Amino acid sequence: MFALEPLLETFQTGSGFWNPIIWVVAIIVAFLIAVILRGFGNKEYKKKTGQTQSFLSGNPEYEKEQMHIKSSNIYWGFTESLKWVFDSLKKMHTGNVSDYALWFVIVMAILFIVLIMGENLVGAI
Amino acid sequence: MNVADLIDLLLQHSPALIVAVPLLGAFITPLISRLNDKVRNIFVILTLGLTASLVFLLASDVFTGNIHTYIFGSQDLALPVVRILFEVDAMSAFMAIISVILSLVAVIYSWSFMKENTGLDKYYTLILLMTAGMLGMELTGDLFNFFVFLEITSISSAALVAFWTNKAKSVEAGFKYIVISTIGALFILFSVAMFYGQYNALNMAMIASAIQYTFLDKIALVLLIAALAMKAGVVPMHMWLPDAYGKAPSSVTLILVGTTQASLYGVFRVCFTIYGGAINLSSISVGWILVILGIITMLLGVAMAIIQTDFKRLIAFGAVAEIGYMLLGIGTGLVVMLNPEMTATGLAAMKGGIFHIMNDALDVGLLFLVAGAIYYATKETSLNKLGGLARNMKYTTVFFIIGLLAVSGMPPMNGFASKLLIYESTYQLNPILSIIAILSSIMLLAVFVKVFHSAFLGPALPKFENVKEVPKSMLIAMGAIATIIIIFGLFPELIINNIVEPAANALVNYGGYVREVIPSFTGGV
Amino acid sequence: MIFNIPFIAVAALILIGLYAVIFKRNLIKMVIGITLIESGVNLFLITLGYREGSIAPIYTSSPGGIMALPVPQALTLTSIVIGVAVLALMLSLVIHIYRHYGTLDVRKMGGPEE
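Chains A, B and F, in that order, are what the protein sequence lines are.
Heads up, the first sequence is in this note's numbering, so the first residue is 3 and it goes up one at a time.
Heads up, the second sequence is in this note's numbering, so the first residue is 587 and it goes up one at a time.
Heads up, the third sequence is in this note's numbering, so the first residue is 786 and it goes up one at a time.
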């Protein structure tokens, strides 16, 4: 129906190129290699013995609700070490609609100063 | 008359029909919904399907280089201000395609998602009104008409955000949204009045041909950029966006993404077309202002997204960060527009920014639909209470993986294609911009991997024993968007040459836009 | 126009309206503030159409002379209608909020998610 050539073109950015078809072919080849390597392994295991239970370095397994890491606790190290950034951000988002209008007026004033007063200063220099 | 004549007639009247068909459908919907619910759903889908086919028909002609105009009023172009002009160039057609695809998918999704709610006739009426308002905002060539359609869109979307009136937070989010929208729209009207007072014209092309960069014009530029950027969710005026996106029904959030991008389109129309001849006279570059706003938006959006625990609020902050990419790309194009050595860089940056508008609407839209599907199945919105859902909802998991890869710019999805263009072209301008853009992409990947782990991976929780897969219409809607994402990702060159490049050229070439209305206009790129 | 009083009134109305939206805690006072901003912008639109010594722009049995511009008056009518619709929507949302929270103080509403 339409030519195959435009579908397979690479697209040029200013300084490089990117062809997704070649990438997909490469990923499929890598996937096939991984599957073939997996096929060389041992296929048999005994069910319902110790081979299928989860191993937690010898610790006892609690009930499922407590084992799942909640989303507030993921990235705890990252958020704790940058606590000053995230606390000031949380304080900025108050939920108060008057503060939203205040930010609008502040941004308008800053843009005003930059565009209009800045133009006079640059023109004077 | 034969089919070719009919198609020509439709093409000639299509700018008016595209806005009139959803508007008429919105007024007929309450009458039809008295008959039967299924008939009303099919009628709404047929109306939006007709609008979509008209948009594609118009776009296929506009992308080859013609600009379509449609005049409501006096045909004699010498008389001033006695007509309203719709002017459709490639950028308007691009945005119209995005809006109509989002509306159609949202209505298909809400067939099952909203089935148990009452008051659905008002819901569908408001969705059709919102679509008509969005399409009118993107097709019009007249500034006051832009304001009227902006208000139509914000009133109907505020009523839809507050649709679940039994929840306190939804009504409060709707109130915040309408207050912020109205303040922004009133300042836009103030600037329109300033333009009218100076030039006695409300038409965008006439103002562009007559503009001199006086002091009042500078005030009008500041007001327009600030108000339209607030409606588009640019930091630090973005705080209404997580509230409104997070508490609305998910199909409404999908169309809200379209309305914020229509306001972003307004920023570009103001900066490139109306002030096209006057931007060169300003010594402070407006492009650098857009670039700096884009950088702040990216960093702050991603930083706030990491610490959220509510599913839809997190995706909303991700949407805020993505708006930063669009501003960065198109701001770079504006900065280098005057420098004759770097026009290739500028054009590549603009293509990246404009392509990212469409990609972001699709990616973030797919993530919101997945969030809605999880809410429908489990009635939970907080990520702390979810877990292990991949066993029960297989298709939803696959769609979420596609959305995750696309939003963070991983190959081979469409997000990678547009972000690669933005990275490489902003590197030419200043390497630090490109580094910040790549960093926030990586942090977005971190944020969504966290969501994937908390909601889908993990042991099977006992309280989610009976959770089943979501109904078919929601799966069809999510599958449609996922298919479009994969197709755009695998064949980016096709899309960029045929759809994005005409839009970027039309935005830079404001002389062509003005010459449609005033044939004797000289000047312009 | 004596000493440009309408333009000063426009600036005063918009500033008082912004003050009411930003610094007042009652929701109804915020809605009144938005109405004030809208009245200011409408006044600005009408004032732009005034010419010195002009009469109302109606042709039937007019005594002749310069007429004020009719286009900004049409724009103002559209804006007033939009303002009425927005005001009705905002007030109905305030009624819903009062029924949920029992108070109209905006500082008690921005709390953590439910």
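Cβ coordinates follow ideal geometry from the N, Cα and C atoms, glycine included.
The structure presented is a predicted model; accordingly, all values stated were derived computationally and were not measured.
Which chain A residues sit within Cβ distance under 8 Å of Met539 of chain B? Lying outside 587 to 1111, the shown extent of chain B, residue 539 of chain B is not represented and no answer is given.
C-beta neighbour in chain F for Gly705 of chain B, strict 8 Å: no
Going along chain A, which residues have a C-beta under 8 Å from Val891 of chain F? Asn98, Val99 and Ser100
In angstroms, rounded to a whole number, what distance separates the CA positions of Lys1036 of chain B and Leu595 of chain B? 53 Å
Output needed in chain order: residues of the stretch 792-809 of chain F with a Cβ under 8 Å from some Cβ in chain A. Leu803, Val806, Ile807, Phe808 and Lys809
Let me know if Thr931 of chain B comes out buried or exposed under the rule of 16 or more other beta-carbons within 10 Å of its beta-carbon. buried
Identity of the residue in B:Asp662, B:Thr717, B:Phe658 and B:Met681 nearest Ile631 of chain B by Cα: B:Thr717
Taking all protein chains shown into account, do 16 or more other C-beta atoms lie within 10 angstroms of the C-beta of Met823 of chain B, making it buried, or fewer, making it exposed? buried
Considering only their Cβ atoms, is the gap separating Pro1045 of chain B from Lys66 of chain A smaller than 8 Å? yes
Minimum Cβ-Cβ distance from Ala103 of chain A to chain F less than 8 Å: yes
Name, please, each residue of chain A whose Cβ falls closer than 8 Å to the Cβ of Met875 of chain F. Result: empty, since nearest Cβ-Cβ is about 11 Å, beyond 8 Å.
Where His599 of chain B falls, given that 16 or more other Cβ within 10 Å makes a residue buried: exposed
Using a Cβ-Cβ cut-off of 8 Å, state whether Val605 of chain B counts as contacting chain F. no
What is the DSSP secondary structure of Asn1091 of chain B, reduced to helix, strand or coil? helix
Using the beta-carbon of each residue, which ones in chain B are nearer than 7 Å to Glu67 of chain A? Leu1047
Apart from the five residues on each side of it in sequence, which residues of its chain come closer than 8 Å, Cβ to Cβ, to Phe4 of chain A? For Phe4 of chain A, the predicted structure reports a pLDDT of 42, less than 50, and the residue's modelled location is therefore unreliable. The matter cannot be settled from this model.
Determine, for Leu597 of chain B, whether the minimum Cβ-Cβ distance to residues of chain A falls below 8 Å. no
Three-state secondary structure (DSSP) at Met852 of chain F? strand
Leu592 of chain B to Asn627 of chain B span [Cα, whole Å]: 28 Å
Since Ser968 of chain B sits in a beta bridge, which residues does DSSP pair it with? B:Asp896
What is the C-beta distance between Ser83 of chain A and Thr895 of chain B, in whole angstroms, given that I count them as a contact (C-beta under 8 Å)? Between Thr895 of chain B and Ser83 of chain A the Cβ distance is about 19 Å, and since that is not below 8 Å, they are no contact.
Taking the alpha helix (DSSP H) that Phe580 of chain B belongs to, which residues open and close that run? Lying outside 587 to 1111, the shown extent of chain B, residue 580 of chain B is not represented and no answer is given.
Taking 8 Å as the threshold (beta carbon to beta carbon), is Ala812 of chain B in contact with chain A? yes
Would Leu830 of chain F pass as a contact of Ala796 of chain B if the rule is Cβ separation under 8 Å? no
Opposing strand residues paired with Glu1079 of chain B [DSSP bridges]: In DSSP, Glu1079 of chain B forms no bridge with anything.
The stretch 851-876 of chain F: which residues have C-beta closer than 8 Å to a C-beta of chain B, in chain order? Val856, Pro857, Leu860, Thr863, Ser864, Ile867, Ala870, Val871, Leu874 and Met875
Is Ala759 of chain B closer than 8 Å to His885 of chain F when the C-beta atoms are compared? no
If distances are taken between C-alpha atoms only, which option among B:Thr918, B:Phe781 and B:Asn1000 comes closest to Val872 of chain B? B:Thr918
Can you tell which of F:Ala794, F:Asn811 and F:Thr832 has the C-alpha that lies nearest to the C-alpha of Gly887 of chain F? F:Asn811
For Leu1080 of chain B and Phe1074 of chain B, what's the separation of their Cα atoms in angstroms? 9 Å
For Ile657 of chain B, which of helix, strand or coil comes out of DSSP? strand
Nearest-angstrom Cα separation, counted from Phe1038 of chain B out to Thr800 of chain B: 53 Å
With a threshold of 7 Å on Cβ separation, who are the neighbours of Val1115 of chain B within its own chain once the five nearest residues in sequence on each side are excluded? This structure leaves residue 1115 of chain B out entirely; chain B is present only between 587 and 1111.
Sort out for me which residues DSSP pairs Met669 of chain B with in a bridge. According to the sequence as given, residue 669 of chain B is Arg; it is not Met. DSSP lists B:Gly659 as partners of Arg669 of chain B.
Beta-carbon separation of Val970 of chain F and Leu772 of chain B under 8 Å? Nothing about residue 970 of chain F can be reported from this structure: the residues present for chain F run from 786 to 899 only.
At 4 residues or longer, what runs of the alpha helix (DSSP H) sit wholly inside the stretch 674-753 of chain B? 676-699, 706-725 and 729-747
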